[in-house]
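Taken in order, these protein sequences are the chains called B and U.
Each step along the first sequence adds one to the number in the numbering used here, with nothing skipped, and position 92 is 92.
Take any residue in the second sequence, count from 1 to its spot, add 1000: that is its number in the numbering used here.
A virtual CB, placed ideally from N, CA and C, is assigned to each residue, including glycine.
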Amino acid sequence: MTRNLLNRIGQAAIVLLLAFTASFLLLQALPGDALLIKYQNPEMGLSPEQIAEIRVLYGADAPIWAQYGNTLWNFLQGSFGYSVQAGVPVNTLLATNLPPTLRLASLGLVFAILLAGLIAFAATLAPFAWLRNLLVSLPALLVSVPVFWLGIMLIQIFSFRFRLVPIINPSEFQSLILPVATLAVPITAPLAQILIRSLDEVQTQPFVAVARAKGASKLWVLWRHVLRNALLPVLTIAGVLFGELLAGAVVTETVFGINGIGRVTEQAVSNQDTAVLQAIVILAALGFVVINLLVDLAAPFIDPRLKRSIGATA
Amino acid sequence: MSSLDLFVARPRRLTLRGLRSIDLTLVLAWAIIAIVAAWAVAPGLFTPHSGTIGIAGNQLKAPDAAHWLGTDEIGRDVLARIIYGSVNSLSGAIVAVAVGLVGGTALGLFAGAIGGKIDDIIMRLVDVMLSIPGLLLQLSIIIILGFGTINVAAAVGVTTVASFARLMRSEVIRVRRADYVEAAFGSGGRFSAVLWRHVLPNSLGTIISYAALQFGTAILAISTLGFLGYGAPPPIPEWGLLISEGRKYLTSAWWLTAFPGLAVILVVLAANRISQSLRRTS
Chain B
1 MTRNLLNRIG QAAIVLLLAF TASFLLLQAL PGDALLIKYQ NPEMGLSPEQ IAEIRVLYGA
61 DAPIWAQYGN TLWNFLQGSF GYSVQAGVPV NTLLATNLPP TLRLASLGLV FAILLAGLIA
121 FAATLAPFAW LRNLLVSLPA LLVSVPVFWL GIMLIQIFSF RFRLVPIINP SEFQSLILPV
181 ATLAVPITAP LAQILIRSLD EVQTQPFVAV ARAKGASKLW VLWRHVLRNA LLPVLTIAGV
241 LFGELLAGAV VTETVFGING IGRVTEQAVS NQDTAVLQAI VILAALGFVV INLLVDLAAP
301 FIDPRLKRSI GATA
Chain U
1001 MSSLDLFVAR PRRLTLRGLR SIDLTLVLAW AIIAIVAAWA VAPGLFTPHS GTIGIAGNQL
1061 KAPDAAHWLG TDEIGRDVLA RIIYGSVNSL SGAIVAVAVG LVGGTALGLF AGAIGGKIDD
1121 IIMRLVDVML SIPGLLLQLS IIIILGFGTI NVAAAVGVTT VASFARLMRS EVIRVRRADY
1181 VEAAFGSGGR FSAVLWRHVL PNSLGTIISY AALQFGTAIL AISTLGFLGY GAPPPIPEWG
1241 LLISEGRKYL TSAWWLTAFP GLAVILVVLA ANRISQSLRR TS
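Right, here's the structure in full:
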């Protein structure tokens, strides 16, 4: 058990190190120098010598392997370098912009879980075939909708047409309604798809028939017996959902003009601010790897049958 | 991305609809793809209006008989913009899928066939690519390559290499255990010949179906990147860019944003439907 745990953590660390190396090679070693873009701007009026001095200051003149070592060491200590464009440490940039994104993402996730659960339960329990078909195909429809377009449509319909959600001077609650709904959609779709399939699979198991034969209602069996067994496949896509949340945040924050990590990402790309983007990419990979690790480790507790076979699969 | 995980676990059909209704949606899906492809090839046949040049005094007209989907802020026909824009979205998606398909299939075939340490290394690299959210990976590539239609398409394509590779590898490992492949090896077939003659054709059905799914996903990704302003520069009528430009007139002209978005949704739905039908027959 302990060896297996260490093995998994080791694998996760290797994936992260490789991700760091790849992103370093891609983002730091290739052209598109953010320092030059900013300081070669004629408005700054800097001489080539002054620019060279600034490059020394940022460590951009060091040989590539030294830069790699330095950057890795700093990352391990939790220091992500400087944003050239904003002129502040990336850490500060992330710290100030993380809270709004975290709030948006966690509300979006909660909303998506509720919505996906509702769709899946309704699809499983729906009394008519046409209603079932409609609900089952709903996630496929949601997955085809561009998130940014959905956000714009929601603003148009609810803010401008029906004037339900004010755009000017909204309360904190009002300003979150539409972004959260927008962000929830790309999360709801895969969640509902996998939950519907999983519920459907578990329902064919003999123990469900037994519970039904004992006189339990359909809803009771679903809630008490089926759901618990159907949750494991849902957990396996937690890492993917995390990625979707981040991508959704970039788009949602841009559409709604919210300052957060998504906005920072979008601006980092526009300004070729590679240090910022690299930090965000590595943190995203870290989040993905840690979530998958936790899911792997938690699985045996959710489904004790896995305790025997743990470590059998990589 | 999520599409792979959902794709690998093959869904059981819940519906008991008749064959006729199933065929109808499939016919509709192919029709949508055919129409959009025709738009891309010969846009002039489908609209008398220009995709880039506006008519003075014709600004921000609501949809009517002359302009079915209305006009924009400089008097350009929105339908014409969508028709002329289809070539950007379609060619972008085709490039993206081609990059992912060729790169990923080759990588997965190689890894699955050769096995051992090299397989381990390749799959660890695939894990790394899959550990970074698709959009962030695309943005990382765009920040290096720069903005533009082709760069965006390439970025979307590179991002899908990992999932194609993983799918191909699992197919190869499945097919390799089949009796006829063992027999081909046993009767003296060279490694690469067996791979080419037996393993690849038998894995292709699943891969083609996944490519169709990725085509829809690529359309979505390209429109997202276009919306963020990293794709084709204005006045090129790219679908994502159309939506982005229409944002300024949200209060007065809903048709500027609504219709390009519907075009994206219809093409993506059609691609998904076709992918589903290919998967069932393969």
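At least 8 Å separates the beta-carbon of residue 222 (chain B) from that of residue 160 (chain B). In the three-state DSSP reduction, residue 296 (chain B) falls in the helix class (H, G or I). Between residue 1175 (chain U) and residue 1140 (chain U) a beta carbon distance of about 34 Å is seen, past the 8 Å cut, so the two are scored as non-contacting. Contact between residue 288 (chain B) and residue 242 (chain B) holds, with the beta-carbon distance rounding to 6 Å and staying under 8 Å. Under the 8 Å criterion on CB atoms, residue 1081 (chain U) is classed as non-interfacial with respect to chain B. Cβ-Cβ distances below 6 Å link residue 1165 (chain U) to 1104, 1107, 1108 and 1126 in the same chain, with the five nearest sequence neighbours on each side left out; the list follows chain order.
With contacts defined by Cβ atoms closer than 8 Å, residue 85 (chain B) and residue 273 (chain B) form a contacting pair. Per DSSP, residue 1199 (chain U) lies in no alpha helix (DSSP H) and is assigned neither H nor E. Close to residue 272 (chain B), with beta-carbon spacing below 8 Å, are these residues of chain U in chain order: 1143. Residue pairing for residue 1071 (chain U): DSSP places it in a beta bridge opposite U:1077. At a cut-off of 8 Å between C-beta atoms, residue 1027 (chain U) does not count as an interface residue with respect to chain B. Listed in chain order, the positions of the segment 1098 to 1130 of chain U with a beta carbon within less than 9 Å of a beta carbon of chain B are 1124, 1125, 1127, 1128, 1129 and 1130.
Less than 8 Å divides the Cβ of residue 1219 (chain U) from the Cβ of residue 1093 (chain U). In this structure, DSSP gives residue 68 (chain B) a helical state, which the three-state scheme calls helix. Taking C-alpha positions only, residue 1151 (chain U) is separated from residue 1054 (chain U) by approximately 28 Å. Nearest neighbour of residue 167 (chain B) by Cα position, chosen from B:113, B:257, B:146 and B:268, turns out to be B:257. DSSP, reduced to helix, strand and coil, places residue 89 (chain B) within a strand of the structure shown. By the criterion of a C-beta distance shorter than 8 Å, residue 97 (chain B) is surrounded in its chain by 259, 260, 261, 263 and 264, once the five residues flanking it on both sides are discounted. Contact between the segment 1080 to 1095 of chain U and the segment 1029 to 1043 of chain U is established, with three or more Cβ pairs separated by less than 8 Å. Leaving aside the five residues that flank residue 139 (chain B) on each side, the residues in its chain whose CB is nearer than 6 Å to its CB run, in chain order, 189, 192 and 193. Proximity of residue 102 (chain B) to chain U, defined by a Cβ-Cβ separation below 8 Å, is not satisfied. Residue 1026 (chain U) is positioned such that its CB atom lies closer than 8 Å to that of residue 1277 (chain U).
In this structure the segment 1223 to 1243 of chain U lies against the segment 1066 to 1085 of chain U, because at least three pairs of beta carbons, one per stretch, are closer than 8 Å.
Taking C-alpha positions only, residue 1129 (chain U) is separated from residue 1062 (chain U) by approximately 45 Å.
For residue 22 (chain B), the nearest beta carbon of chain U is closer than 8 Å to its own beta carbon. Of all residues in the segment 168 to 190 of chain B, the ones placed with a Cβ closer than 8 Å to any Cβ belonging to chain U are 190, in chain order. When DSSP reads this structure, residue 1210 (chain U) sits in no beta bridge, so it has no partner. Between residue 199 (chain B) and residue 226 (chain B), the C-beta gap is smaller than 8 Å, which places the two residues in contact. Under the DSSP assignment, residue 132 (chain B) falls in the alpha helix (DSSP H) whose first and last residues are 129 to 143.
Positions of the alpha helix (DSSP H) runs, each at least 4 residues long and wholly inside the segment 1078 to 1149 of chain U, are given as 1078 to 1114, 1116 to 1131 and 1134 to 1145 in order along the chain. Using a Cβ-Cβ cut-off of 8 Å, residue 1272 (chain U) counts as an interface residue toward chain B, since at least one Cβ of chain B sits closer than that to its own. Boundaries of the alpha helix (DSSP H) harbouring residue 184 (chain B): 172 to 202, taken from the DSSP string.
At least one beta carbon of chain B lies nearer than 8 Å to the beta carbon of residue 1247 (chain U). A direct Cα-Cα distance of roughly 22 Å separates residue 1044 (chain U) from residue 1059 (chain U). Ranked by Cα distance from residue 1048 (chain U), the first of U:1031, U:1066 and U:1057 is U:1066.
If you look at residue 1238 (chain U), you'll find it isn't in any alpha helix (DSSP H); DSSP assigns it neither H nor E.
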